[in-house]
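Residue numbers (my numbering), protein chains in the order written: chain S, 1 to 188; chain C, 189 to 376; chain G, 377 to 564; chain Z, 565 to 752. The beta carbon of each residue, even a glycine, is placed where N, CA and C say it ideally should be. Some notes on the structure that comes next.
Number of protein chains: 4
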Amino acid sequence: MKKQVSRRDKILQTALRMISEGGFHNSPMSELASRSGVAVGTIYHHFESKDALIRALYAACAEQVSAAVLQGVDEKLSNSKRFETMWLNLHSWYSRHALEFSFIRQFESSPFVSGKGHDPGFFSQPVLDVFREGVKVGKLRKLKAGALSALFAGMVSSTVTMELREGKKLSGKELAELASMGYAAIRR
Amino acid sequence: MKKQVSRRDKILQTALRMISEGGFHNSPMSELASRSGVAVGTIYHHFESKDALIRALYAACAEQVSAAVLQGVDEKLSNSKRFETMWLNLHSWYSRHALEFSFIRQFESSPFVSGKGHDPGFFSQPVLDVFREGVKVGKLRKLKAGALSALFAGMVSSTVTMELREGKKLSGKELAELASMGYAAIRR
Amino acid sequence: MKKQVSRRDKILQTALRMISEGGFHNSPMSELASRSGVAVGTIYHHFESKDALIRALYAACAEQVSAAVLQGVDEKLSNSKRFETMWLNLHSWYSRHALEFSFIRQFESSPFVSGKGHDPGFFSQPVLDVFREGVKVGKLRKLKAGALSALFAGMVSSTVTMELREGKKLSGKELAELASMGYAAIRR
Amino acid sequence: MKKQVSRRDKILQTALRMISEGGFHNSPMSELASRSGVAVGTIYHHFESKDALIRALYAACAEQVSAAVLQGVDEKLSNSKRFETMWLNLHSWYSRHALEFSFIRQFESSPFVSGKGHDPGFFSQPVLDVFREGVKVGKLRKLKAGALSALFAGMVSSTVTMELREGKKLSGKELAELASMGYAAIRR
DNA sequence: GATGAATGAGAATTCATTCAT
DNA sequence: TATGAATGAATTCTCATTCAT
C-alpha cells in the first residue's frame, strides 16, 4: 500500500523533472521508467497512457498551487489585501518551484488543454470561490471566475518568466507594486 | 523566382495552421508537404530542418507583430500614451491572428526557446528601442528591454487568453484600462 | 472443492466467449481474469500457461462434440444411417453452439495444431472407432480414421459456415440430403 | 516504377511464407522487413498497417484462386461437368499452393473476416456468376452465390486438409468422385 | 529546384508470466 | 489457493531526413 503510493509519486516526480527540462516529447516512457527505477509496464499499471500521466501531473501541480495561493487568505482581509496576498503567494510558489512552473507553462500552452476534452482546470474551487465572491460583492469585473483568475495568474506568470529571463529577482517593493497592479487589473 | 517565394510561403502558412491546431508533434513533415501541395524534399530545399522551419515561422510571426505594435507610435506621444498604444496594438493583432497567437504561445513555452541555442527574440530592435529609451529617460523600471517587453507582452497575452477562454470580448473601455495597467506595471 | 471447479469452469467459459468473439490475440490474460472475476494469478493456478488453457478449452469442446455426435448411434443402424445420424448430430451441435464452433475453427486452422506438439485430436476414440469399423468391414474408403473423420467433419463445418454466412437455416430435407452426401464422400 | 512493384510483391511473398508457417502473430513486421530485405518503414510505405497488408495478401490470393478455378470452364460444358471442373481446379490449385492454402484457411477462420468490416470476398464476380447462372436456370439450390460457393469451396478445403493430414494424395478416380459429390451437394 | 520512395532509430503500448504477500 | 503489482521483452507504428532520378 505504501509502496504503491511511493512508486506512483516517484514516477510523477521524475516526469516533472524530465518534462520541465526537455519538454513532453523529449521524455520517452522508457527513459522515464529507468530514471524512476521501475519497469515500463509499471508506469502503465499506474497511468493509462502517457497523456493520462501528464494530466495527472498537471492536476497534482494545480492542487499544490491552489493550496499555496490560499495561505493567509481569510475573510478579515480587505479585497485589495486579499488578492495582493494571493498574487504574492502565487509568485512565491512559482519562484520556489521552477520545475512545476516550467511544466505548467508548457502544459497550458500545448494542445493538451484546448485540444482533447476540456480544460482540466487550474485553480481549485476554493480559490475560484474567492474570485466569485469578489464579483458578487461588486468588487471585481463581471467575468467568470475562470477568466478572472486566468488573467490574474497570467500576470504572475509573466512576471516570473521575466525574472527568469533577466536572471534577477525583483525586490519586495517592486513585487508589492506589481501585486497591486494585478488587483487593479481585475477589479471593477 | 515568384514560384519559389510562393512555395516557401505556402509551406509556412500550412505549418502555422497545423501547429497552431495540433502542436509541433502532430505536424509531421510528410503531412505538411501534402497539405502544402509540395513534395517532402521540397520543404528541405527551403528549410534545413523541421527545427529551422519552426524558427523561421516564429521569426516571421515576430516580425509581423513588431510592425503591428509600432503602428501610430511616434516621438510626439507621451510615454503613457506610447505604451498604451503599443499594448492595444498588440492586443488587436493577437485578436485578429488566432493562429499566430496560438503558435507563438506554444513556441515560447516550449524547449525551443530556453533549450537549444539562444532565444530567437520576439520584438524587433525598433520595438526594443522604445523600451530602452523609456528606461534611459527614467520613465521605466531599470530592467533590460527584453525583460520589460516580455512582462508587457505577457500581460497582453494573458488578457487575450482570458478572452478566448471566456469567449467574450472585452469592451474598448476595459481594454483601455488594462492597457493603462500594462504601462503602470513597467513604469518606474 | 466445488469452488475450484466452478472457478476453473468460469475461466474456460469466459475464455470461450472472448476468443470466439475476438480471437486468441484479443484475449489477454488480464482481461480474461477480470471478466472471470478472478485474479490473474488464479488462472495460473489452474492452467500452466495461456497455451495450456487454450488446449484445455479445445479438449473440453472436443469432448462435448464427441459425446453429442454419438447420440443415438448404435450397432443396429445400417452404415448409411449411422453416418448420416452422426452428420446430423454434429450439424445440430455446431448450430446450437456458435461460440464453440467459432473457437474450434480458429483453433484448428491456427499454428496451435500443426505447429507446436501434436494434433490434440478432435474426435474421441469411440467416434474414431466407428470410422475404423467402417473401414474394417469394407464400407469406407481405406484411409485413417483421423483423415476420414476430418473430411466428414469438414463438410459439416462448411455447411454451418455457409448457413451462418447466408443467415438462413437449411430445411430438414436439405440437411438430410447433405448428410447423405457426407456419407457418400467417405464410403467406398 | 518497376522497383516499387517488385518491392511490394517481395513483401507480400515473404508475408505469405511467414504467416502460413507461423501464423499472423508469429510474423512481426520487423522480421517481415528484414526477411524481405527492406526497412520497416518501407512496408508502411506500401501498406497502411499490418492489417491492411494481410487483407491485401488475401485479396491477391483470392484473385489467383478465382483465375485458376475458371480454367477450362465455358458455356459448352454441362452443369455437372462445369462444377466438377471447378472443383478439380480448386483442388489442384490448393494442392500446388500449400502456402496460400494455409494462409487462406487461417485468414478465413480468424476474426479478420467476421470481425472488422465485411467479408472481403473470396471468389471473383466471374466465378460467382457461374453459381448465379446455375441458380437462375434451376440447376442449383436457391441460395446466394456466396453461400453456395462457400459450401463448395469448403468441401475442397476439407479434402485437401485431409490429404495433408493423411500425408497421402487421393487418386484421380477418388477425386473425380468427390468432385461429383461436391456438385451433388449444391445442386437442386 | 522538385520529387517521393526508402530508411531505421525511436516511441508508445501490450501482455504473458512471476512472486511476495 | 488466491491475489494483483510488477516486470520487460516484444510489437506495431511514426516520422525526420536522405538521395537517386
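Quiz prompt | Bounding residues of the alpha helix (DSSP H) (the contiguous stretch that carries C/L331) | solution = Counting along the chain, C/L331 sits inside no alpha helix (DSSP H), nor does DSSP assign it H or E at all.
Self-check item: Segment contact, 8 Å Cβ cut-off, at least three pairs: the region 351-365 of chain C with the region 259-266 of chain C
Solution: When C-beta atoms of the region 351-365 of chain C are compared with those of the region 259-266 of chain C, fewer than three pairs fall below 8 Å, so the two segments do not count as touching.
Quiz item: Nearest-angstrom Cα distance between Z/S642 and Z/K703?
Solution: Roughly 11 Å between the two C-alpha positions.
Quiz item: Where does C/R376 fall in DSSP's three states?
Solution: C/R376: coil per DSSP, three-state reduction.
Quiz item: Run through DSSP, which three-state label would S/D74 get?
Solution: Under the three-state reduction of DSSP, S/D74 is assigned to coil, being neither helix nor strand.
Quiz prompt | 8 Å contact criterion, which G/E499 and G/L433 should meet: CB distance rounded | solution = Note that residue 499 of chain G is Phe in the sequence shown, not Glu. About 17 Å separates the two Cβ atoms, so there is no contact after all.
Practice problem: Would you check if the region 280-288 of chain C and the region 77-94 of chain S touch, i.e. whether three or more CB-CB distances between them fall below 8 Å? | Solution: Not touching, per the Cβ criterion.
Practice problem: Check the Cβ of S/T159 against every Cβ in chain C and list those closer than 8 Å, keeping chain order. | Solution: Identification of chain C residues near S/T159 by a Cβ-Cβ cut-off of 8 Å yields L339 and G342, ordered along the chain.
Exercise. Measuring only between beta-carbons, confirm whether S/K144 sits less than 8 Å from chain C.
Key: At a cut-off of 8 Å between beta carbons, S/K144 contacts chain C.
Quiz item: Is C/K295 helix, strand or coil when you go by DSSP?
Solution: Residue identity check: residue 295 of chain C is Phe in the sequence provided, not Lys. Under the three-state reduction of DSSP, C/F295 is assigned to helix.
Quiz item: Does any residue of chain G bring its CB to less than 8 Å from the CB of Z/L742?
Solution: Taking Cβ atoms only, chain G reaches closer than 8 Å to Z/L742, which makes this a yes.
Exercise. Just the chain C side, please: which residues come within less than 7 Å of S/R105 by C-beta, in chain order?
Key: What S/R105 touches in chain C: S297.
Exercise. Say whether the region 248-255 of chain C touches the region 330-339 of chain C, bearing in mind that this needs 3 or more beta-carbon pairs closer than 8 Å, one atom from each stretch.
Key: Short answer: they don't touch.
Exercise. For G/M538, return the contacting residues in chain Z, with the cut-off set at a CB-CB distance below 8 Å.
Key: G/M538 reaches chain Z at L707, A711, L712, A714, L715 and G718, counting residues in chain order whose Cβ is nearer than 8 Å.
Exercise. Kindly indicate if chain C contains any beta-carbon less than 8 Å away from that of S/M18.
Key: Chain C contact via Cβ: absent.
Practice problem: Could you check how far apart the C-beta atoms of S/R105 and C/S297 are, in whole angstroms? I think they sit under 8 Å. | Solution: Indeed, because the Cβ distance is near 4 Å, the residues count as touching under 8 Å.
Quiz prompt | is_contact[S/G22, chain C] using C-beta, thresh 8 Å | solution = Chain C contact via Cβ: present.
Exercise. Please go through the same chain and pick out, in chain order, the residues whose beta-carbon is closer than 6 Å to the beta-carbon of C/E321, but skip the five residues on each side of it.
Key: Taking C/E321 as the centre and dropping the five residues before and after it, the same chain places no C-beta closer than 6 Å to its C-beta.
Self-check item: Interface partners of Z/E730 on chain G, CB under 7 Å
Solution: When 7 Å is used as the limit between beta carbons, Z/E730 is near these residues of chain G: L519, K520 and A523, in chain order.
Self-check item: C-beta neighbour in chain S for C/F310, strict 8 Å
Solution: Judged by the 8 Å Cβ criterion, C/F310 is not in contact with chain S.
Quiz item: If you draw a straight line from the alpha carbon of S/K10 to that of S/H25, how long is it in whole angstroms?
Solution: Going from the Cα of S/K10 to the Cα of S/H25 covers about 20 Å.
Quiz item: Using a beta-carbon distance below 8 Å, is S/M29 in contact with chain C?
Solution: It does not: the Cβ of S/M29 has no partner Cβ on chain C nearer than 8 Å.
Exercise. Below 9 Å between beta carbons is the criterion; list the residues of the region 33-57 of chain S that meet it against any residue of chain C, in chain order.
Key: Within the region 33-57 of chain S, no residue qualifies.
Quiz prompt | Residue-chain proximity (S/M181, chain C), Cβ-Cβ < 8 Å | solution = Chain C contact via Cβ: present.
Quiz item: Candidates Z/G601, Z/Q628 and Z/M593: which alpha carbon is nearest Z/E612's?
Solution: Taking Z/E612 as reference, the option from Z/G601, Z/Q628 and Z/M593 with the minimal CA-CA separation is Z/M593.
Self-check item: chain C contact residues for S/A184, given Cβ-Cβ distances below 8 Å
Solution: Chain C residues near S/A184: M369 and A372.
Quiz item: Roughly how many angstroms separate the alpha carbons of S/Q125 and S/A153, rounded to a whole number?
Solution: One alpha carbon belongs to S/Q125, the other to S/A153, and they sit about 15 Å apart.
Quiz item: Considering only the beta carbon of each residue, do Z/E639 and Z/A743 sit closer than 8 Å?
Solution: Not in contact: Z/E639 and Z/A743 (Cβ atoms no closer than 8 Å).
Quiz item: Based on Cα-Cα distance, which residue from C/K238, C/V228, C/Y232 and C/M350 lies nearest to C/L204?
Solution: Sorting C/K238, C/V228, C/Y232 and C/M350 by C-alpha distance to the C-alpha of C/L204 places C/K238 at the top.
Quiz prompt | Cα-Cα separation, G/G493 to Z/I583 | solution = At G/G493, the pLDDT of 43 sits below 50, so the modelled position is not reliable; the number obtained from the coordinates is stated separately. G/G493 and Z/I583 have their C-alpha atoms spaced approximately 18 Å apart.
Quiz item: Of the choices G/K518, G/V441 and G/G497, whose alpha-carbon is the least far from that of G/A474?
Solution: Looking at the Cα atoms, G/V441 is the closest of the given residues.
Quiz item: Which two residues bound the contiguous alpha helix (DSSP H) that contains C/P377?
Solution: Outside the shown range of chain C (189 to 376) lies residue 377 of chain C, about which nothing can therefore be said.
Self-check item: Nearest residue (CA-CA) to Z/H610, options Z/T725, Z/D693 and Z/S570
Solution: Checked all of Z/T725, Z/D693 and Z/S570; the closest Cα to Z/H610 is Z/S570.
Quiz item: Is the shortest distance between the beta-carbon of C/L276 and the beta-carbons of chain S less than 8 Å?
Solution: Chain S, which has no Cβ nearer than 8 Å to the Cβ of C/L276, makes this no.
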